[in-house]
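So the sequence shown is numbered by the numbering used here: it starts at 406 and just counts up by one.
From the three backbone atoms N, C-alpha and C, an ideal C-beta is built for every residue, glycine too.
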Amino acid sequence: MFIAGKLTKQLMCKIYILFFISVSYFGVIKNSQAAEMQVIGNVIKGTCVVSVDKMEVQFKPIFIPNVKEDINDKTFLKPFSLRYTCSEFDLSTGSAPYLMKVAASTGTSVDPSNKIYPTTNNTKAAFVLRKCDSSKANCNIVDINGGGVIPFQVTANASLESHFEVSVVQLGTSRPTPGELVAAVDITLLQP
């Protein structure tokens, strides 16, 4: 839904009543400017539904000394695609806007640099999630702390996919320790 605001001025008289600790009170009349806002929208028909209920991305065993703290490190990287089906969109005038929202699942935390890790993390390692373009080349870190919203365009009433990659990095300054590293995120598709 696209929203445009139209503001018009309107003079409005308000009465402010101030109460004192004593039993008496008095009224003050004050003129103030108020604004009336009209919301004009364009609602589009159509929906997108994720094709799978659960998806797992699994890494082969990782050699701890090679895990780096740098959030941009891609030594241990795994690409994957999220498939979804879109239907009932009127695409006669072009593509339609849609959103993905990525949030940490229960038992998963996100640090200020968007490293994703289990809340009870014994490994001192984390994951970094990136959203990639259609060519699977240009990938940017998903800003989960900033709301995790990823806009995309619906180009067809069909099965579509969005590309991601996830990497394993060190969490904090301590070297990782052996153990299982499991974290989860929820991805929700929304109309804007």
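For residue i, the three-state DSSP class (helix, strand or coil)
i	result
N471	helix
V507	strand
S657	In the structure displayed, the chain extends from 406 to 597; residue 657 sits before or after that span and is not available.
S579	coil
T490	strand
I521	strand
V554	strand
V571	strand
V444	strand
V462	coil
P484	strand
L534	strand
A561	coil
Inter-residue spacing [alpha-carbon to alpha-carbon] between residue i and residue j
i	j	result
L496	A563	12 angstroms
A530	M442	49 angstroms
V587	T525	10 angstroms
N543	A440	44 angstroms
K541	P470	28 angstroms
S539	L504	16 angstroms
D458	F481	26 angstroms
L594	G552	14 angstroms
S456	D516	29 angstroms
Q596	P502	7 angstroms
Presumed contact (8 angstroms Cβ cut-off) between residue i and residue j, rounded CB distance
i	j	result
L534	V547	5 angstroms
Q575	V472	5 angstroms
I549	A509	6 angstroms
S500	H568	That pair is no contact at about 17 angstroms.
F464	K479	No, F464 and K479 are not in contact; Cβ-Cβ is about 13 angstroms, not under 8 angstroms.
Cβ shell of residue i (< 8 angstroms), same chain only, five flanking positions each side left out
i	result
F532	K520, I521, Y522, V571, S572, V573, V574, L586, A588
T513	I521, Y522, P523, T524, A588, A589, V590
I476	S518, N519, K520, V533, I546, V574
T560	L496, S500
T578	E474
S460	Reading off the sequence, residue 460 comes out as Met, not Ser. Only F485, L487 meet the Cβ criterion.
V462	K483, F485, V571
I555	L504, M505, K506, V507, K536, V547, S567
Close beta carbons around residue i, own chain, < 7 angstroms, minus the five adjacent residues each side
i	result
N545	R535, K536
Beta-carbon contacts of residue i that lie in its chain and below 6 angstroms, excluding the five residues immediately before and after
i	result
F431	With a pLDDT of only 42 at F431, under 50, the local geometry of the prediction cannot be trusted, and the value read off the model is given with reservation. Closer than 6 angstroms at Cβ, skipping near neighbours: no residue.
T528	P581, T582, G584, L586
Taking contact to mean 3 or more Cβ pairs, one atom from each stretch, closer than 8 angstroms, check whether the stretch 448-457 and the stretch 484-494 are in contact. Touching, yes, given that three or more Cβ pairs across the two stretches are closer than 8 angstroms.
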